[in-house]
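Protein sequence lines, in the order shown, are assigned to chains A and B.
Letter by letter, the first sequence follows residues 1 to 118 in the numbering used here.
Letter by letter, the second sequence follows residues 1 to 112 in the numbering used here.
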Amino acid sequence: ETGVTQSPTHLIKTRGQQVTLRCSSQSGHNTVSWYQQALGQGPQFIFQYYREEENGRGNFPPRFSGLQFPNYSSELNVNALELDDSALYLCASSPAATGSITGANVLTFGAGSRLTVL
Amino acid sequence: EDKVVQSPLSLVVHEGDTVTLNCSYEVTNFRSLLWYKQEKKAPTFLFMLTSSGIEKKSGRLSSILDKKELFSILNITATQTGDSAVYLCAVEAATGRRALTFGSGTRLQVQP
Numbered sequence: 001e002t003g004v005t006q007s008p009t010h011l012i013k014t015r016g017q018q019v020t021l022r023c024s025s026q027s028g029h030n031t032v033s034w035y036q037q038a039l040g041q042g043p044q045f046i047f048q049y050y051r052e053e054e055n056g057r058g059n060f061p062p063r064f065s066g067l068q069f070p071n072y073s074s075e076l077n078v079n080a081l082e083l084d085d086s087a088l089y090l091c092a093s094s095p096a097a098t099g100s101i102t103g104a105n106v107l108t109f110g111a112g113s114r115l116t117v118l
Numbered sequence: 001e002d003k004v005v006q007s008p009l010s011l012v013v014h015e016g017d018t019v020t021l022n023c024s025y026e027v028t029n030f031r032s033l034l035w036y037k038q039e040k041k042a043p044t045f046l047f048m049l050t051s052s053g054i055e056k057k058s059g060r061l062s063s064i065l066d067k068k069e070l071f072s073i074l075n076i077t078a079t080q081t082g083d084s085a086v087y088l089c090a091v092e093a094a095t096g097r098r099a100l101t102f103g104s105g106t107r108l109q110v111q112p
């Protein structure tokens, strides 16, 4: 069973550019969520994808967009990069779109993509 | 707006010490509270708590939830250098999505 894999691991962009980050979910997981983690802060929810549709969004502007593919992998796209977009972007997958009190479908995180915007 | 506050922000202890990490929260329609350990990049799951007063335990780590006072603690006994990490607390509301609200974390450093 493979875990959540993300690419690239590191990248550097300049203000105004666009970036695409990729995520392969854990085997058997159909739901992918993206989080932004600034230095010294906890992860912040960007959005979640389930069955190729956005299923919930955090407090992020429309220049943050995503896709989920039929194999449940996902992309995060950020347009018009700003300096404050510099962060670790974490992808997490789970076997269901909603939580469960049994703990059977907790989020499994990837190692993240470190984005630096200059 | 859901909110999670963790304390202390950072902590330095020596091997063998016992530590207690705190997490207080505000969430509409609570479903669960989760603890994660983040050593380098990927947060790894430790515990999920849904009921008050029931201790979850895994080796030297344990955690408990108080839903009346809206807080949780994570205890680590006989700390080892491998316990050095950022410990993240998160809450999940009972909505139709898996959105966790995280605290800023507690950075634990265990010295030999």
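In this text, a Cβ means the ideal position worked out from N, Cα and C, and glycines have one as well.
- By the C-beta density criterion, A78/B is exposed, having fewer than 16 other C-beta atoms within 10 angstroms.
- The count of Cβ pairs closer than 8 Å, one atom from the stretch 84 to 101 of chain B and one from the stretch 36 to 53 of chain B, reaches three, so the stretches are in contact.
- Between Q36/A and I46/A, the C-beta spacing is below 8 Å.
- Taking CB atoms only, V117/A has no neighbour in chain B less than 8 Å away.
- Residue pairing by DSSP places S74/A opposite C23/A and Q68/A in a beta bridge.
- Following the DSSP letters along the chain, one finds E53/A inside the beta strand (DSSP E) bounded by residues E53 to R57.
- Sequence-ordered contacts of the stretch 16 to 50 of chain B with chain A read R31, S32, L34, Y36, K40, K41, A42, P43, T44, F45, M48 and T50 [C-beta pairs closer than 8 Å].
- Here D66/B carries a strand assignment [DSSP, helix/strand/coil].
- Take L21/A, set aside five residues on each side of it, and the residues of its chain with a beta-carbon closer than 6 Å to its own are L76, Y89 and S113, in chain order.
- Contact annotation for L61/B against chain A: no contact, minimum CB-CB distance about 15 Å [criterion: below 8 Å].
- L83/A carries a helical assignment under DSSP once its states are collapsed to helix, strand and coil.
- Identification of chain B residues near F45/A by a Cβ-Cβ cut-off of 8 Å yields A99, L100 and T101, ordered along the chain.
- Proximity of chain B to F109/A at the Cβ level (cut-off 8 Å) is accounted for by Y36, A42, P43 and T44, in chain order.
- Here the stretch 4 to 23 of chain B makes no contact with the stretch 68 to 83 of chain A; the two share fewer than three CB pairs at distances below 8 Å.
- Membership of S33/A in the beta strand (DSSP E) is indicated by the continuous run T31 to Q37.
- The Cβ of G82/B sits no closer than 8 Å to any Cβ of chain A.
- Around the beta carbon of V12/B, fewer than 16 other beta carbons lie within 10 angstroms, which makes this residue exposed.
- At a cut-off of 8 Å between C-beta atoms, S10/B does not count as an interface residue with respect to chain A.
- Only exposed fits N71/A, as fewer than 16 other CB atoms lie within 10 angstroms of its CB.
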